[in-house]
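Residue numbers (our numbering): 311 to 686. Accompanying notes for the structure given below.
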């Protein structure tokens, strides 16, 4: 007899398989390349042959620097509780995050893998969860501010020339803003928190959005407890938060600027005035990727990139830029990240040093503590 649940469980298990996800990444990327290059194969190959090694080396160094900056930020956060944590350990953790974000659907495996590496490096789960939460909060706010700036300075141009994508881009931006705004509202508004935990979840259950009320409430309390603690860190370590914001801004700037450098490396006709537009387009690709559930957003990323950049270049040139960009920003992380992760796995575990962490979340008490601190 056909068992729908059994079949669904097998499908879910398949998509949790690392080997299958890696196969899917390459299969989808190959499919997009085949479709986009079938009429321009010769032109694309000829363009790629013109790549300038100096520019290629420069971009590779930039992308490794981007990972090092993330590692520096993680190390700075960890040193709030574990002063001996090094930038090298943070660098290992950063590449591990990139690797597992790339090979898991919806980038769902990155933080789990980071937690594993933190544990091997002697950082207890209670502290590593806080570090990852703080990193997420600062990055999300910085990214939203940066993309908003890019949208604002060229809104009319992008709306007129990319109307077919603009709604998705705006929606992706609003989702990113909504996530961080939702968490802040829950943490700072006892009334909103009370409504959500009493009526909101019940309404969600009736609409079949929430499957298990008790489990959802328990998970919400756990997440809010951690978020609330990180707000205290935000309030009490302003210099560190400013440095982390600058670090995230630098990482975003590097990542979004790579397509412009790729065009230069390929000897294409690009002018300095195109820098802002190409940087913004790269950020738009990232916004669209938020809706792609495939591991590494593979397939959709390549197709979206070619469609958007074909408004500035010919399709063959846009495809050439995409191939070089994807090699540097995605496959480079797969290769180096795999080496770094397997190196980290062979290292001897450092004994974990536990630190005390509060275990209850109280939005009213948090708000009172923050107000008192503000007055001081």
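Ideal Cβ positions, reconstructed from N, Cα and C, are used throughout, including at glycine. Being a predicted model, the structure only gives us computed values, none of them experimental.
| query | By how many angstroms is the C-alpha of residue 454 removed from the C-alpha of residue 625? | reply | Residue numbering aside, residue 625 sits at position 315 when the chain shown is read from its first letter. Residue numbering aside, residue 454 sits at position 144 when the chain shown is read from its first letter. One C-alpha to the other measures close to 30 Å.
| field | Contacting residues, own chain, Cβ-Cβ under 6 Å from residue 570 (five flanking each side not counted) | value | For this step, residue 570 is matched to residue 260 along the chain shown. Excluding residues within five positions, the ones whose Cβ falls inside 6 Å are 585 and 588.
| Local Cβ density within 10 Å of residue 556, reported as buried at 16 or more and exposed below that | By 1-based counting over the chain shown, the position of residue 556 is 246. Exposed, since its Cβ has fewer than 16 Cβ neighbours within 10 Å.
| Considering only the beta carbon of each residue, do residue 405 and residue 568 sit closer than 8 Å? | Counted from its first residue, the chain shown places residue 405 at position 95. Counted from its first residue, the chain shown places residue 568 at position 258. Taking 8 Å as the Cβ cut-off, residue 405 and residue 568 do not qualify as a contacting pair.
| said: Quick test of the definition: if touching needs 3 or more C-beta pairs under 8 Å, does the stretch 378 to 393 touch the stretch 615 to 623? | reply: no
| said: With a threshold of 8 Å, are at least 3 pairs of Cβ atoms found where one atom belongs to the stretch 546 to 562 and the other to the stretch 353 to 371? | reply: no
| task | Determine the burial state of residue 686: buried for a count of at least 16 other Cβ atoms within 10 Å of its Cβ, exposed for fewer. | result | Walking along the chain shown from the start, residue 686 turns up at place 376. Note that residue 686 has pLDDT 49, beneath the 50 cutoff, so the model's placement of it is unreliable and the number below is only indicative. With fewer than 16 other Cβ atoms within 10 Å, it is exposed.
| First and last residue of the uninterrupted alpha helix (DSSP H) at residue 406 | For the purposes of this step, residue 406 is taken as the residue at position 96 of the chain shown. Here the alpha helix (DSSP H) through residue 406 covers 397 to 413.
| 8 Å Cβ cutoff met for residue 553 and residue 386 | Position 243 of the chain shown, counting from 1, holds the residue named residue 553. Position 76 of the chain shown, counting from 1, holds the residue named residue 386. Yes, Cβ-Cβ distance for residue 553 and residue 386 is below 8 Å.
| From this set, 356, 425, 481 and 580, which residue's C-alpha is nearest residue 598's C-alpha? | The residue you call residue 598 lines up with position 288 of the chain shown. Of the candidates 356, 425, 481 and 580, the one whose C-alpha sits nearest the C-alpha of residue 598 is 481.
| query | By DSSP, does residue 390 sit in helix, in strand, or in coil? | reply | The residue you call residue 390 lines up with position 80 of the chain shown. Residue 390 falls in the coil class under three-state DSSP.
| task | For the stretch 541 to 626, list the alpha helix (DSSP H) runs that are entirely contained and at least 4 residues long, ordered along the chain. | result | 548 to 575, 585 to 599 and 610 to 619, all fully within the stretch 541 to 626.
| field | Unbroken alpha helix (DSSP H) run spanning residue 358, endpoints | value | Locating residue 358 in the chain shown gives position 48, counting from the first residue. Counting along the chain, the alpha helix (DSSP H) containing residue 358 begins and ends at 351 to 359.
| query | Quick one: does the C-beta of residue 615 sit closer than 7 Å to a heavy atom of the ligand NAP? | reply | Looking for the ligand NAP in the displayed structure turns up nothing, as the structure carries no ligands at all.
| message | Output needed for residue 395: all residues of its chain with C-beta closer than 6 Å, excluding positions within five of it in sequence on either side, in chain order. | response | Translated into the one-based positions of the chain shown, residue 395 becomes position 85. Closer than 6 Å at the Cβ level, and outside the excluded window around residue 395, lie 385, 388 and 389.
| For residue 296 versus residue 476, is the C-beta distance shorter than 8 Å? | Absent from the structure is residue 296, since the part of the chain shown begins at 311 and ends at 686.
| task | Kindly give me the distance between the Cβ atoms of residue 427 and residue 448, rounded to whole angstroms, as I take these residues to be in contact under 8 Å. | result | In the chain shown, counting from the first residue as 1, residue 427 sits at position 117. In the chain shown, counting from the first residue as 1, residue 448 sits at position 138. Going by Cβ atoms, the distance from residue 427 to residue 448 rounds to 20 Å, so no, they are not a contact pair.
| For residue 424, does the three-state DSSP call read helix, strand or coil? | Your numbering for residue 424 matches position 114 in the chain shown. DSSP places residue 424 within a helical segment (H, G or I) once states are collapsed to three.
| field | residue 680 versus residue 495 - alpha carbon distance | value | Residue 680 sits at position 370 when you count from the first residue of the chain shown. Residue 495 sits at position 185 when you count from the first residue of the chain shown. Per-residue confidence for residue 680 stands at a pLDDT of 46, beneath the threshold of 50, marking its modelled position as unreliable; no derived number is given.
| Span of the alpha helix (DSSP H) around residue 467 | Indexing the chain shown from 1 puts residue 467 at position 157. Segment 465 to 471, the alpha helix (DSSP H) holding residue 467.
| query | Alpha carbon to alpha carbon, what distance is there between residue 408 and residue 356? | reply | Here the question's residue 356 lines up with position 46 in the chain shown. Here the question's residue 408 lines up with position 98 in the chain shown. Cα to Cα, the separation comes out at about 31 Å.
| request: Would you please state the rounded distance, in angstroms, between the beta carbons of residue 657 and residue 430? I believe it to be under 8 Å. | output: Here residue 657 refers to the residue found at position 347 of the chain shown. Here residue 430 refers to the residue found at position 120 of the chain shown. Confirmed, Cβ separation roughly 6 Å.
| Alpha-carbon spacing of residue 580 relative to residue 478, whole angstroms | Residue mapping note: residue 580 aligns to position 270 of the chain shown, counting from 1. Residue mapping note: residue 478 aligns to position 168 of the chain shown, counting from 1. The straight-line gap from Cα to Cα measures roughly 27 Å.
| Proximity of residue 593 and residue 485 at Cβ, strictly below 8 Å | Translated into positions along the chain shown, residue 593 becomes position 283. Translated into positions along the chain shown, residue 485 becomes position 175. Contact flag unset, no.
| message | For residue 360, which residues in the same chain have their Cβ closer than 7 Å to its Cβ, ignoring the five residues on either side in sequence? | response | Start at 1 with the first residue of the chain shown, and residue 360 comes out as number 50. Once the five neighbours on either side are set aside, the close Cβ partners of residue 360 are 576 and 577.
| Does the Cβ-Cβ distance between residue 391 and residue 437 come in under 8 Å? | Working through the chain shown from its first residue, we reach residue 391 at position 81. Working through the chain shown from its first residue, we reach residue 437 at position 127. In this structure, residue 391 sits near residue 437, with a CB-CB distance shorter than 8 Å.
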